[in-house]
Amino acid sequence: MRSVWPASPVYLFVTTALIFLHVPPTIGTLINVVVDDQDPSILYASAEWNMGQSCITCDADIDPKQVLGGTWHDVTFRDNGQDTQQSMTFNFTGSAIYVYGMQVQLFTRASANVQFSIDGELADTYAFRTESLNDTYKYNQLLFSKTDFGEAHHTLMLVNGRSGEGDSLVLLDYLMYTTDTSSFDTTAVNSSPAASVPTETVTATASSGASCNVASGLNGVARAAVVCLAAVLGVVLVAGVVMAWKIRQQQRSIIMLSARPAVESVQAQGPPPSNPFFTHPAAYNAMHVSTQGAATGSIGSGGSRMMQGMRSDNSSNVAAAGSSIASNARFPGYKTMY
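Numbers -28 to -1, 1 to 310, taken from mature numbering (1 follows the signal peptide of the UniProt record, and there is no 0), label the letters of the sequence shown in order.
Below, the structure written as structure tokens:
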């Protein structure tokens, strides 16, 4: 019997791998990209923005060890009728955006009033008022987030301060946005060591359900792609080995089944008879009668003809014996045995 399965495990593995590779993903791979405050893709439109770690006139006493990359941006809007609003702009391609900073409570000035807009439309307002007369600092605080827009190119704008609502202090640490790897733009990430290798980690989720945790930054997408591809190939390899083993077992069973004889042979109980002529009853009776007549010495002409018939060829033995029996029936000294 010929098996319908491919005989080569390599053929099976290659076929399975091609099937996996040709199945299009239902949802793209999503990653969170972290952008540090010093990244050149963040545009600070006002000269009042200060690099906090090197600012001498800034009031906030921030611990560099608790901020991303040890850097932050500091800006203050003074509601005195002379100061203008400060803004920051960031362009990205993604489906969600998050803004992180520090929340500071100072005795002298501890308020914030910030507006956030997406693509020119106001999205939210962040307002903070002093809750204590003591100087306190809260790090890694979420100042703004928006996750209800589709994967596309968007513009985030931050505007600090509003006239008539008091002073406003903003301490910006970093931004983070969610994007698909197919639309990821590497130019949106700074190539400097301080910004391209942040301490945060991001999660890339594949459509097959497997998750890959990789470091964010310039190499985050490449690492996510390598890890996810290795995971998929590992699953394909294991499946191919298991299927090849099952097919090999099935082929072995088919070979063993086809090797069995359909009908068992029957051995002969003894050798065949050496002379088929003497097995016939008529031949045996004729032989017995002729021998008995020769012993009594009363064989006539019929008996002489019988003896001559016995010495003839085997092909006429039966006919000669029959003729002798018929002739001897006329003599009273002979008996015919049947």
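Each residue gets a CB set at the ideal place from its N, CA and C atoms; glycine is no exception.
Nothing here was measured: the structure is a model prediction, and the numbers come from that model.
Check: Is the distance from the Cβ of G138 to the Cβ of S83 below 7 Å?
Finding: Contact: yes.
Next item on the list: Answer yes or no: does any C-beta atom of chain C fall closer than 7 Å to that of A84?
Entry: Structure shown: chain C not included; a single protein chain is present.
Margin query: Count Cβ pairs between the stretch 71 to 78 and the stretch 34 to 48 that sit closer than 8 Å; are there 3 or more?
Written below: With a cut-off of 8 Å on Cβ pairs, the stretch 71 to 78 is in contact with the stretch 34 to 48, counting three or more such pairs.
Next item on the list: Indicate the three-state DSSP secondary structure (helix, strand or coil) for G206 in the structure shown.
Entry: G206 falls in the helix class under three-state DSSP.
Notebook entry, point to check: What residues are listed by DSSP as bridge partners for Q77?
Noted result: Note: Q77 sits in a beta bridge opposite T108.
Next item on the list: Measure the Cβ-Cβ separation of L2 and T97 and say whether it is below 7 Å.
Entry: Going by C-beta atoms, L2 is not nearer than 7 Å to T97.
Next item on the list: Would you tell me roughly how many angstroms separate the C-alpha atoms of L205 and A124, rounded to the nearest one?
Entry: Spanning the two alpha carbons is a distance of roughly 31 Å.
Notebook entry, point to check: When you compare only the Cα positions, how much space is there between K118 and A68?
Noted result: C-alpha separation (whole angstroms): 6 Å.
Check: Per DSSP, what kind of secondary structure is I34 in: helix, strand or coil?
Finding: It is coil, neither helix nor strand.
Notebook entry, point to check: Between the beta-carbon of H126 and the beta-carbon of D91, is there less than 7 Å?
Noted result: A contact, by the Cβ cut-off of 7 Å.
Check: Helix, strand or coil for S135 per DSSP?
Finding: Coil at S135, not helix or strand.
Next item on the list: Taking only the alpha-carbon atoms, compute the straight-line gap between F121 and A216 and give it to the nearest angstrom.
Entry: If I take the Cα positions, the gap works out to 47 Å.
Margin query: Quick check on the DSSP output: the beta strand (DSSP E) that includes T150 runs from which residue to which?
Written below: Residues S140 to D152.
Item checked: Nonlocal neighbours in the same chain, by C-beta distance under 6 Å from Q264, ignoring five residues either side -> Its pLDDT being 49, under 50, Q264 is placed unreliably by the model, and nothing is read from it.
Margin query: Taking the straight line between their C-alpha atoms, what separation do you get for D31 and T48?
Written below: In this model, D31 and T48 are separated by some 10 Å (Cα to Cα).
Next item on the list: Mind checking who I14 pairs with in its DSSP beta bridge?
Entry: Note: I14 sits in a beta bridge opposite F62.
Note to self: If you reduce the DSSP assignment to three classes, tell me which class Q223 lands in.
What the structure shows: In the three-state reduction of the DSSP assignment, Q223 falls in the helix class, which pools H, G and I.
Notebook entry, point to check: R50 to N63, Cα distance in whole Å?
Noted result: Spanning the alpha carbons of R50 and N63 requires a straight line of approximately 27 Å.
Next item on the list: Over the uninterrupted beta strand (DSSP E) stretch that includes N85, give me the two end residues.
Entry: Start and end: A84 to I90.
Next item on the list: Confirm, please, whether the CB-CB distance from D9 to T43 is below 7 Å.
Entry: Cβ atoms of T43 and D9: closer than 7 Å.
Item checked: Contact check, I14 vs G24, beta carbons under 7 Å -> It is not a contact, given that the beta carbons lie outside the stated cut-off.
Checklist line | Helix, strand or coil at V7 according to DSSP, with G and I counted as helix | finding: Strand at V7.
Next item on the list: Specify, as a first and last residue, the run of the beta strand (DSSP E) that A99 falls within.
Entry: Membership of A99 in the beta strand (DSSP E) is indicated by the continuous run E93 to F100.
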